[in-house]
Amino acid sequence: MTYVITEACAGNKDTACWEACPADAIHPGPGDASFGQHVQLYIDPTECIDCSACEPVCPVEAIYPEEDVPEESRASIDVNRAFFAARTA
Ligand code: SF4
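Note that our numbering has the sequence shown beginning at 4, numbered continuously upward.
Here is the structure:
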């Protein structure tokens, strides 16, 4: 299981989840060169330890456990995975 950042994050540029994550699973971080190039943050499903620390600190409630992602946002599951697949390719 992993947590997922949905499209509700887009354009917010809030980094509370990134600061709360103990596993460095959320990217890009504010110190990354590519931070300004992405519309939202993403959770790496291979790094997430399912601690839930990110979920309550999100100001727009964009983060869900994978199984609880709302039907209209299910595409975000693959969007998060694809971000990291592209990063390591
Ligand atoms: Fe990081 Fe925990 Fe959120 Fe996973 S659930 S992204 S480990 S804060």
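Built from N, CA and C at the ideal position, the CB exists for glycine as well.
What is the rounded straight-line gap between the Cα of residue i and the Cα of residue j?
i	j	result
G14	E69	22 Å
Y45	I29	6 Å
P33	A78	25 Å
D17	F38	11 Å
Q43	W21	12 Å
C24	M4	16 Å
A19	A89	24 Å
Between the options, which has its C-alpha nearest residue i's C-alpha?
i	options	result
A56	F87, D81 and D27	D27
T9	R90, C61, A88 and A89	C61
V63	C12, M4 and A19	C12
Less than 8 Å between the beta carbons of residue i and residue j, yes or no?
i	j	result
I52	V7	no
I66	E58	yes
N83	P48	yes
At a cut-off of 7 Å, is residue i close to the ligand SF4 when judged by its beta-carbon and the heavy atoms of the ligand?
i	result
S79	no
C61	no
A11	no
P33	no
In terms of DSSP beta bridges, what is residue i paired with?
i	result
H30	Y45
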